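To keep things clear, I will list the structure first and then write my remarks on it.
There are 2 protein chains.
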Amino acid sequence: YGQLRGIGFSKAVSAGNAIGVKFHEYLEYLKDDPETKAIAFYIEGIKEGNELIKVARETVKKKPIVVLKAGRSKAGARAALSHTGALAGDDRIVDAAFKQAEIIRVSNVDELFDVVEVLYSCPLPQGNRGAILSEGGGDNAITADNAQKYGMEVPILAEATQEKIRPLLIEGMSAANPVDYGGVAEGNPQVIEQCVKACMEDDQVDAVLVTGLLGGLAEILNACPPAAEEQTCQELVNLVSRYKKPLFVHSCFGKETTKSLDMLRSSQVPVFESSERSAMCLGMLMKYASDKR
Amino acid sequence: YGQLRGIGFSKAVSAGNAIGVKFHEYLEYLKDDPETKAIAFYIEGIKEGNELIKVARETVKKKPIVVLKAGRSKAGARAALSHTGALAGDDRIVDAAFKQAEIIRVSNVDELFDVVEVLYSCPLPQGNRGAILSEGGGDNAITADNAQKYGMEVPILAEATQEKIRPLLIEGMSAANPVDYGGVAEGNPQVIEQCVKACMEDDQVDAVLVTGLLGGLAEILNACPPAAEEQTCQELVNLVSRYKKPLFVHSCFGKETTKSLDMLRSSQVPVFESSERSAMCLGMLMKYASDKR
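Chains as they are written, first to last, in UniProt numbering: chain A, 1 to 293; chain B, 1 to 293.
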């Protein structure tokens, strides 16, 4: 079972299944390991906390540390104790220590993987202002609500940016942020790439979150030719490289394998199955970037 | 696009894609509709709030109402307004009204589906005390932490219950709750059903959450014969019918299709891909049961 999870973990860190006894000793090694871009740990107890904070602060300058630490609850601490004999410690102290050490704390295994992937693949945002784009006002509204929950701002776009976007949309649709290209992007995904480009060019936008149908327009919905959607996805990848701003995609088809989604996944554009998780991960990335500054 | 989501929604409510203008009029109808067991809504704005509270309170006596309401954030409210012209309203007032009306509020589409499924398929728990069982102390600890986050208690099991469980485990493994049957259940899944049974028999346990490898022991891990795992899953379904206590399964193989998982899914045992989501849904079910009492 450990092995099963270990294989998973080794995608993220080269140390494999690191149930840390002396957490900071692993860090010492990983800090300078050229094959490690981000560090993920599951731990049940911490020994030598001061040493940990010291080493972690050095490490974080070079690469992010994400930790899933058990024992927030009494029952969780009990389970940790009976599992590895580790004393989970007062959780408020753990939280404070992690904060001081700039360690990112997550609350489950899915989050651990998501956050690590994003941290090592995406460019770091300069701030916490995000643009949200979708084919539907409903997706937009829910994603904006969740963005706020995870510390992301969704400001009204500069008039100059709105002027670039407005002609692409059906009259009356919102270019303010969230941007609603409902009705036009399905058949003509180039609209998505043009809207993303306008946002990337805007100094007041630090990251872009596309939510909705992208990735399944051609192969699943038959709404446009495959080449059109693939070209759009290629262009989105290019925009990320050019503007060095993170782009996240939440796709209703995020569970599927399509050529378009694979193009995004294999580059610097993470694809999520859940709109909330995409907002959560972008919020974490913004928080990490801000801590690092 | 509306249709795409509408099909999804119609699995949950017979009203289809109900972007509510007069929310309470839909409720009036669904309240007495024999084909509706649970009611799910996505709404952007509410008109006639007093009428809504009145009708919802009547409805909730018969069936649960789950609502995904946009507009928690400024940007979300802006998106809702530009989408349907609905004024989202002060979110604190919306929250208070939903609480008064005993409406369950969720924050994204995945949650909406999860919660509705659980509400119409599982028996209602008598309280909020849950037992957590797994093959690993790590899964146990994380799930216990998340249980607490969502309002579930994970108390130490009665000595009589622990005495039934202890002989099934390797010496020294915890029977206290969370229960750790690591090392024995993989090859002999009957251990899982016996532990669940002991918990179901305990008056101080209101629900059981199994987390870990169940569902993939035979077909994926080749750790036991398929018949053994299928028999266990059938027995778990029987236990739920007999003791009328909810049983939730989080499986590391929750994305897969195995005969065992399908047996659970097609009965009163929901299967989750994410441990946190299983804890969240069980917490919501406990909350709903408590509101209804």
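Virtual Cβ for every residue (Gly too), placed ideally from N, Cα, C. Bear in mind the structure is a predicted one, so any value in this text is a computation, not a measurement.
Look up residue 261 of chain A in the DSSP assignment and say whether it is helix, strand or coil.
Along the first sequence, one-based indexing puts residue 261 of chain A at 261. In the structure shown, residue 261 of chain A sits in a helix (DSSP, three-state: H, G or I).
Does the segment 72-91 of chain A come close enough to the segment 167-175 of chain B to have 3 or more Cβ pairs within less than 8 Å?
With a cut-off of 8 Å, the segment 167-175 of chain B and the segment 72-91 of chain A count as touching, because enough Cβ pairs lie within range.
Is there a Cβ of chain B sitting closer than 8 Å to that of residue 148 of chain A, yes or no?
On the first sequence, position 148 is the one that residue 148 of chain A refers to. Answer yes: the Cβ-Cβ gap between residue 148 of chain A and chain B drops below 8 Å somewhere.
Which same chain residues end up closer than 7 Å to residue 195 of chain A when comparing Cβ atoms and leaving out the 5 residues on each side of it in sequence?
For this step, residue 195 of chain A is matched to residue 195 along the first sequence. The beta carbon of residue 195 of chain A sits closer than 7 Å to the beta carbons of 133, 165, 168, 179 and 181 from its chain, once the five residues preceding and following it are set aside; these are given in chain order.
Taking the straight line between their C-alpha atoms, what separation do you get for residue 147 of chain A and residue 68 of chain A?
Residue numbering aside, residue 147 of chain A sits at position 147 when the first sequence is read from its first letter. Residue numbering aside, residue 68 of chain A sits at position 68 when the first sequence is read from its first letter. So the alpha carbons of these two residues sit roughly 22 Å apart.
According to DSSP, simplified to helix, strand and coil, what is residue 129 of chain A?
Taking the first residue of the first sequence as position 1, residue 129 of chain A is located at position 129. Three-state DSSP puts residue 129 of chain A in a strand.
Just tell me which of A:42, A:250 and A:273 has its CA closest to the CA of residue 137 of chain B.
On the second sequence, position 137 is the one that residue 137 of chain B refers to. Among A:42, A:250 and A:273, the Cα nearest to that of residue 137 of chain B belongs to A:42.
Please compile the residues from chain A whose C-beta is within a distance smaller than 7 Å of the C-beta of residue 78 of chain B.
As a working mapping, residue 78 of chain B is identified with position 78 in the second sequence. In chain order: 176.
Kindly indicate the opening and closing residues of the beta strand (DSSP E) around residue 294 of chain A.
Outside the displayed span of chain A (1 to 293) sits residue 294 of chain A, for which this structure offers no information.
Taking just the CA atoms, how far does residue 273 of chain B sit from residue 255 of chain B?
One-based indexing of the second sequence puts residue 255 of chain B at position 255. One-based indexing of the second sequence puts residue 273 of chain B at position 273. When rounded, the distance between both Cα atoms is 6 Å.
Find the residues of chain A that neighbour residue 92 of chain B, judging by a C-beta separation of less than 7 Å, and give them in chain order.
Along the second sequence, one-based indexing puts residue 92 of chain B at 92. Residues of chain A whose Cβ lies closer than 7 Å to the Cβ of residue 92 of chain B do not exist, since the nearest Cβ in that chain is about 14 Å away.
Identify whether residue 1 of chain B lies in helix, strand or coil by the three-state DSSP scheme.
For this step, residue 1 of chain B is matched to residue 1 along the second sequence. Because residue 1 of chain B sits at a pLDDT of 32, beneath the cut-off of 50, its placement in the model cannot be relied upon, and the point is left open.
Using a Cβ cut-off of 8 Å (strictly closer), state whether residue 128 of chain B contacts chain A.
Stepping through the second sequence from its first residue, residue 128 of chain B is reached at position 128. Taking Cβ atoms only, chain A never reaches closer than 8 Å to residue 128 of chain B, which makes this a no.
On the three-pair Cβ rule with 8 Å, is the segment 205-214 of chain A touching the segment 245-255 of chain A?
yes
Hey, does residue 70 of chain B have any beta-carbon neighbour from chain A nearer than 8 Å?
Numbered from its first residue, the second sequence carries residue 70 of chain B at position 70. Under the Cβ distance rule, residue 70 of chain B counts among the residues neighbouring chain A, one pair being separated by less than 8 Å.
Report yes if the C-beta distance between residue 161 of chain B and residue 122 of chain B is below 8 Å; otherwise report no.
Indexing the second sequence from 1 puts residue 161 of chain B at position 161. Indexing the second sequence from 1 puts residue 122 of chain B at position 122. No, the pair does not count as a contact, with Cβ atoms beyond the cut-off.
Considering residue 52 of chain A, what are the terminal residues of the alpha helix (DSSP H) in which it resides?
Counting from one through the first sequence, the residue named residue 52 of chain A turns up at place 52. Segment 49-60, the alpha helix (DSSP H) holding residue 52 of chain A.
Between the beta-carbon of residue 219 of chain A and the beta-carbon of residue 107 of chain B, is there less than 8 Å?
Indexing the first sequence from 1 puts residue 219 of chain A at position 219. Indexing the second sequence from 1 puts residue 107 of chain B at position 107. No; because the gap between Cβ atoms is not below 8 Å, this pair is not in contact.
Tell me the residue span of the alpha helix (DSSP H) that contains residue 112 of chain B.
Taking the second sequence and counting its residues from 1, the one referred to as residue 112 of chain B is at position 112. Start and end: 109-121.
Helix, strand or coil for residue 97 of chain B per DSSP?
One-based indexing of the second sequence puts residue 97 of chain B at position 97. Three-state result, residue 97 of chain B: helix.
Can you tell me which of the three DSSP states residue 69 of chain A falls into?
As a position in the first sequence, residue 69 of chain A is number 69, starting the count at 1. In the structure shown, residue 69 of chain A sits in a strand (DSSP, three-state: E or B).
Around the Cβ of residue 61 of chain B, are there at least 16 other Cβ atoms within 10 angstroms (buried) or fewer (exposed)?
Within the second sequence, residue 61 of chain B is the residue found at index 61, counting from 1. With fewer than 16 other Cβ atoms within 10 Å, it is exposed.
What is the rounded straight-line gap between the Cα of residue 154 of chain B and the Cα of residue 95 of chain A?
Here the question's residue 154 of chain B lines up with position 154 in the second sequence. Here the question's residue 95 of chain A lines up with position 95 in the first sequence. If I take the Cα positions, the gap works out to 22 Å.
Let me know the secondary structure DSSP gives residue 220 of chain A once reduced to three states.
As a position in the first sequence, residue 220 of chain A is number 220, starting the count at 1. Three-state DSSP puts residue 220 of chain A in coil, outside helix and strand.
Consult DSSP for residue 104 of chain A and reduce its assignment to one of helix, strand or coil.
Stepping through the first sequence from its first residue, residue 104 of chain A is reached at position 104. Strand.
Three-state secondary structure (DSSP) at residue 211 of chain B?
Taking the second sequence and counting its residues from 1, the one referred to as residue 211 of chain B is at position 211. Of the three classes helix, strand and coil, the one that applies to residue 211 of chain B here is strand, per DSSP.
Quick one: give me the first and last residue of the beta strand (DSSP E) that residue 248 of chain A is part of.
Numbered from its first residue, the first sequence carries residue 248 of chain A at position 248. First-last of the beta strand (DSSP E) with residue 248 of chain A: 247-251.
For the segment 131-143 of chain B, which residues have a beta carbon sitting closer than 9 Å to at least one beta carbon of chain A?
132, 134, 135, 136, 137, 138, 139, 140, 141, 142 and 143
Ordered along the chain, which non-local residues of its own chain (more than five positions away) have a Cβ less than 7 Å from that of residue 3 of chain B?
In the second sequence, counting from the first residue as 1, residue 3 of chain B sits at position 3. Confidence in residue 3 of chain B is poor, its pLDDT being 37 and thus under 50, which makes the residue's placement too unreliable to answer from.
Hey, could you find the ends of the alpha helix (DSSP H) residue 168 of chain A is sitting in?
If you number the first sequence from 1, residue 168 of chain A lands on position 168. Note, residue 168 of chain A: premise wrong, no alpha helix (DSSP H); not H, not E.
Any beta-carbon of chain A closer than 8 Å to the one on residue 116 of chain B?
Position 116 of the second sequence, counted from the start, is the residue given in the question as residue 116 of chain B. Taking Cβ atoms only, chain A never reaches closer than 8 Å to residue 116 of chain B, which makes this a no.
Going straight from the alpha carbon of residue 202 of chain A to that of residue 243 of chain A, what length do you get?
Stepping through the first sequence from its first residue, residue 202 of chain A is reached at position 202. Stepping through the first sequence from its first residue, residue 243 of chain A is reached at position 243. Using only the alpha carbons, I get a separation of about 10 Å.
Residues of the segment 222-244 of chain B with a CB closer than 9 Å to any CB of chain A: list them in chain order, please.
none
Mapping the DSSP letters down to three states, classify residue 139 of chain B as helix, strand or coil.
The residue given as residue 139 of chain B occupies position 139 in the second sequence. Three-state DSSP puts residue 139 of chain B in a helix.
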